[in-house]
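Written out below as structure tokens is the structure these notes cover.
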Amino acid sequence: MIEIPDYIKNLKPYQPGKAISETQKEFGLSQVIKLASNENPIGISEKVLKAMSEKLKDSFRYPEGSQGAMIDALSKKYQISESQICLGNGSNELINLLIQLACRPDDKILTFQYAFVAYKISAQTFGIQTDEVICRDRFEMDMNDLLGAIGEKHKLIFLPNPNNPTGRTIPQDKVREFLEKIAGRPLLLVLDDAYSEFADDPSALDAFAILREFPENVVVLKTFSKVFGLAGLRVGALFGNKKIINYVHRIRNPFNTNIFCESALPVALSDVDFVKRSRDVVVFGRNQWMEGLRRMGLDPIQSQANFILVDCKVDCEKLHMELLKRGVILRPMKPYGLNTYMRISIGTRQENELAIKVVADVLKAICEENL
């Protein structure tokens, strides 16, 4: 038997949201509302479905190793040179590649407390330590606190904006001030732009404007699992200066995106009507949930993403189990150490209405100790 490193033995793997089929089978349910994985509430674009169906006949072929068609579409969409773009099997693969590229055994990464847990998990798979900056009241991420936490061992700083799971954002001017202060230092700020399309705060970050202004210290991560509705295809993109992107291309797997991504992504990027409808449904649904949760006497965190974080004042795992029995899947936040919090993905208007009623009924029953 080979010797397994301690950092792998001690690794707690990522816990995805419970699947609909799994919940149906376990509890004997015919209908399940899943609001656990921040997926697109209206599904996938019909134009994308058509493009993928036409690609079925080519399934025996390898995908483009160069990622050319997708890179061309991304270049036009975000006004970034093709030499500054690399694609991955979801943004998770690109997180791994960045850590592999930038960090040596004694190095560290830095992020905020309650940031997307995948950063920490990815770092640990390489034996890299993660340092976390404590959030302020109501999960505020303060860039001065982040600046003060930087040490000589830190090579990558991960900044999800909006953050998952809190939904909080950092204004553009605060990010710019931070980058002005670290200019010239051997640090790379990774702006995770997964949920930016859902933000309606006028001060919200424009990650690509920041990248153009600070190309030596910034890269941008983009997933297409959210507003573009491509979660099942596993495709993400990394944008950065030419030198960094060249090295990422060198270490990525040669066929790390599939042929369906090749046909789907360019169409998804161009289907502005679908993106607008997706965003509109989320913004409306956010308001539904904020009002519904407040009627329950709860105080949800104001979100700029397609989910809401709320302290339910009861054990989140117990609440989760009781909701599963009634066909509603939410996301308990125990892996983040938030033992009474749930993250609620925004669904359709009807899904939200039904789920709000179920959550209210279950919380009332738990508080009355009937469960």
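Heads up: the sequence shown at position 340 corresponds to 495 in my numbering, and the numbers run straight through without jumps. Built from N, CA and C at the ideal position, the CB exists for glycine as well.
Is it true that the CB of residue j sits closer than 7 Å to the CB of residue i?
{"i": "valine 203", "j": "alanine 392", "result": "no"}
{"i": "valine 375", "j": "leucine 346", "result": "yes"}
{"i": "cysteine 467", "j": "leucine 478", "result": "no"}
{"i": "arginine 441", "j": "isoleucine 501", "result": "yes"}
{"i": "lysine 336", "j": "methionine 298", "result": "no"}
{"i": "leucine 256", "j": "tyrosine 402", "result": "yes"}
{"i": "glutamine 279", "j": "tyrosine 162", "result": "yes"}
{"i": "asparagine 195", "j": "glycine 384", "result": "yes"}
{"i": "cysteine 471", "j": "proline 487", "result": "yes"}
{"i": "isoleucine 456", "j": "isoleucine 499", "result": "no"}
{"i": "leucine 360", "j": "asparagine 316", "result": "yes"}
{"i": "asparagine 237", "j": "isoleucine 254", "result": "For the sequence presented, residue 237 should be read as glutamate rather than asparagine. Contact: no."}
{"i": "serine 119", "j": "phenylalanine 394", "result": "The question about residue 119 has no answer here: the residues shown for the chain are numbered 156 through 526."}
{"i": "proline 326", "j": "serine 358", "result": "yes"}
{"i": "phenylalanine 369", "j": "proline 218", "result": "no"}
The ligand ATP and residue i: does any heavy atom of the ligand fall closer than 6 Å to the residue's C-beta?
{"i": "asparagine 247", "result": "Among the ligands in the structure shown, none appear at all, so the ligand ATP cannot be discussed."}
Where do the N-terminal and C-terminal ends of the beta strand (DSSP E) with residue i fall, by residue?
{"i": "arginine 259", "result": "Element bounds for arginine 259: n/a, residue is neither H nor E."}
{"i": "arginine 498", "result": "496 to 500"}
{"i": "lysine 310", "result": "309 to 315"}
{"i": "leucine 242", "result": "240 to 243"}
Between the options, which lies nearest to residue i when the distance is taken from Cα to Cα?
{"i": "arginine 216", "options": "Ala510, Ile414 and Glu477", "result": "Ile414"}
{"i": "alanine 191", "options": "Glu352, Pro320, Leu343 and Asn401", "result": "Pro320"}
{"i": "leucine 518", "options": "Gln443, Met497 and Asn299", "result": "Met497"}
{"i": "aspartate 286", "options": "Arg293, Glu295, Lys275 and Met296", "result": "Lys275"}
{"i": "glycine 220", "options": "Asn408, Cys290 and Leu420", "result": "Asn408"}
{"i": "glutamine 239", "options": "Glu371, Ile312, Ile400 and Ile305", "result": "Ile400"}
{"i": "glutamate 307", "options": "Arg259, Pro315, Pro218 and Val430", "result": "Arg259"}
{"i": "asparagine 372", "options": "Asn396, Ser380 and Asn318", "result": "Asn396"}
{"i": "alanine 515", "options": "Asp470, Glu523 and Leu448", "result": "Leu448"}
{"i": "leucine 485", "options": "Asn193, Glu158 and Pro160", "result": "Asn193"}
{"i": "alanine 460", "options": "Lys480, Met476 and Val436", "result": "Val436"}
{"i": "glutamate 524", "options": "Val288, Val469 and Ser176", "result": "Val469"}
{"i": "asparagine 244", "options": "Asp426, Glu446 and Leu420", "result": "Leu420"}
{"i": "lysine 310", "options": "Gly339, Ser214 and Lys180", "result": "Gly339"}
{"i": "valine 288", "options": "Phe281, Asp300 and Ser277", "result": "Asp300"}
{"i": "isoleucine 250", "options": "Ile406, Pro341 and Ile175", "result": "Ile406"}
{"i": "threonine 503", "options": "Glu237, Glu201, Tyr269 and Phe439", "result": "Phe439"}
{"i": "tyrosine 269", "options": "Phe182, Asn507, Val513 and Gly492", "result": "Gly492"}
{"i": "lysine 480", "options": "Met156, Gln186 and Lys164", "result": "Gln186"}
{"i": "valine 382", "options": "Ser425, Lys210, Arg450 and Asp292", "result": "Ser425"}
{"i": "proline 164", "options": "Val430, Cys522 and Gly282", "result": "Checking the sequence shown, residue 164 turns out to be lysine, not proline. Out of Val430, Cys522 and Gly282, Gly282 has the C-alpha closest to the C-alpha of lysine 164."}
{"i": "methionine 207", "options": "Ala273, Lys173 and Gly387", "result": "Gly387"}
{"i": "glutamate 417", "options": "Phe182, Lys205, Lys167 and Met156", "result": "Lys205"}
{"i": "phenylalanine 313", "options": "Phe410, Leu343 and Arg291", "result": "Leu343"}
{"i": "glutamate 446", "options": "Asn507, Lys398 and Lys431", "result": "Asn507"}
{"i": "isoleucine 305", "options": "Pro341, Ala273 and Glu158", "result": "Pro341"}
{"i": "glutamine 505", "options": "Asn494, Gln443 and Cys522", "result": "Gln443"}
{"i": "proline 168", "options": "Asn494, Ser458, Arg367 and Ala273", "result": "Ala273"}
Whole-angstrom Cβ separation of residue i and residue j, contact assumed at under 8 Å?
{"i": "threonine 412", "j": "leucine 242", "result": "5 Å"}
{"i": "phenylalanine 267", "j": "methionine 296", "result": "5 Å"}
{"i": "isoleucine 365", "j": "arginine 323", "result": "Between arginine 323 and isoleucine 365 the Cβ distance is about 18 Å, and since that is not below 8 Å, they are no contact."}
{"i": "aspartate 452", "j": "isoleucine 188", "result": "The sequence as given places glycine at residue 452; aspartate does not occur at that position. Rounded, the Cβ-Cβ distance is 22 Å, inconsistent with contact."}
{"i": "serine 351", "j": "isoleucine 197", "result": "That pair is no contact at about 18 Å."}
{"i": "threonine 378", "j": "alanine 349", "result": "5 Å"}
Three-state secondary structure (DSSP) at residue i?
{"i": "threonine 178", "result": "helix"}
{"i": "aspartate 328", "result": "helix"}
{"i": "threonine 285", "result": "strand"}
{"i": "threonine 378", "result": "strand"}
{"i": "glycine 391", "result": "strand"}
{"i": "isoleucine 484", "result": "strand"}
{"i": "aspartate 348", "result": "coil"}
{"i": "phenylalanine 215", "result": "coil"}
{"i": "phenylalanine 462", "result": "strand"}
{"i": "lysine 468", "result": "coil"}
{"i": "phenylalanine 294", "result": "helix"}
{"i": "phenylalanine 267", "result": "strand"}
{"i": "leucine 343", "result": "strand"}
{"i": "asparagine 188", "result": "A small correction: the amino acid at residue 188 is isoleucine; asparagine does not occupy that position in the sequence shown. Isoleucine 188 falls in the strand class under three-state DSSP."}
{"i": "valine 272", "result": "coil"}
Under DSSP, the alpha helix (DSSP H) around residue i begins and ends at which residues?
{"i": "arginine 432", "result": "427 to 450"}
{"i": "serine 208", "result": "201 to 208"}
{"i": "glutamate 506", "result": "504 to 522"}
{"i": "glycine 228", "result": "Checking the displayed sequence, the identity of residue 228 turns out to be alanine instead of glycine. Where alanine 228 is concerned, the enclosing alpha helix (DSSP H) stretches over 223 to 233."}
{"i": "asparagine 401", "result": "397 to 406"}
{"i": "tyrosine 162", "result": "161 to 164"}
{"i": "leucine 493", "result": "Careful: leucine 493 lies outside any alpha helix (DSSP H) and carries neither H nor E."}
{"i": "leucine 366", "result": "362 to 368"}
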